[in-house]
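For the sequence shown, our numbering assigns the number 22 to the initial residue and increments by one for each residue that follows.
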Amino acid sequence: TLNLAAVAAQAARIYKPFDAAFARRALSAAKTAYAAAKLNPSLYAPESDGNGGGAYNDSNATDEFYWASAELFLTTGEKSYEHDVLSSPLNTADLIPPTWTNVCSAAPVAASQRMAVWSSLAVSTSFPSGLKTTALTMS
């Protein structure tokens, strides 16, 4: 659910100049998925679930929440998503390369790409400090 939220928020950002209707649908899906995950933060697919892509065997969604909130913040600039990024313990943690069960480093990668765009447009947008520090080292 949170990976969908992250990728759909990213799709909304990328497709907006080319297909505004699709971008709106993607953003709506991202917000809906994120809200559902926040309402049910401890609901995980069972390890025995063989439907779809199969079980993920990941019982810690902190990294998925971090990535999804960062993508939604980068796409919308909404304070609620910024708050979720800032309050994440991963915002100031040393990040590791992404793995199947840890996607936290996807957030600063997205931020580093977006910071370059915003800087070139001279848009005054704040970034959460930990996310910005890590993103700057990647850009």
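Backbone N, C-alpha and C fix where the C-beta goes; we use that ideal spot for every residue, glycine too.
CB-CB length for residue i against residue j, believed under 8 Å
i	j	result
residue 131	residue 92	6 Å
residue 111	residue 83	6 Å
residue 44	residue 89	Their Cβ separation, rounded to whole angstroms, is 17 Å, which puts residue 44 and residue 89 out of contact at 8 Å.
Among the options, nearest to residue i - alpha-carbon criterion
i	options	result
residue 106	119, 118, 127	127
residue 48	57, 28, 61, 38	28
residue 51	64, 32, 65	32
residue 58	125, 24, 114, 119	24
Beta-carbon gap between residue i and residue j smaller than 7 Å
i	j	result
residue 96	residue 30	yes
residue 166	residue 122	The question about residue 166 has no answer, for the chain in this structure spans 22 to 160.
residue 164	residue 87	Here the chain covers residues 22 to 160 and nothing more, so residue 164 does not appear.
residue 94	residue 103	yes
DSSP three-state assignment for residue i, whether helix, strand or coil
i	result
residue 81	coil
residue 97	helix
residue 120	strand
residue 32	helix
residue 55	helix
residue 110	helix
residue 39	coil
residue 115	coil
Residue i versus residue j: straight-line alpha-carbon distance, rounded
i	j	result
residue 98	residue 37	15 Å
residue 72	residue 62	21 Å
residue 68	residue 114	28 Å
residue 119	residue 125	7 Å
residue 65	residue 22	10 Å
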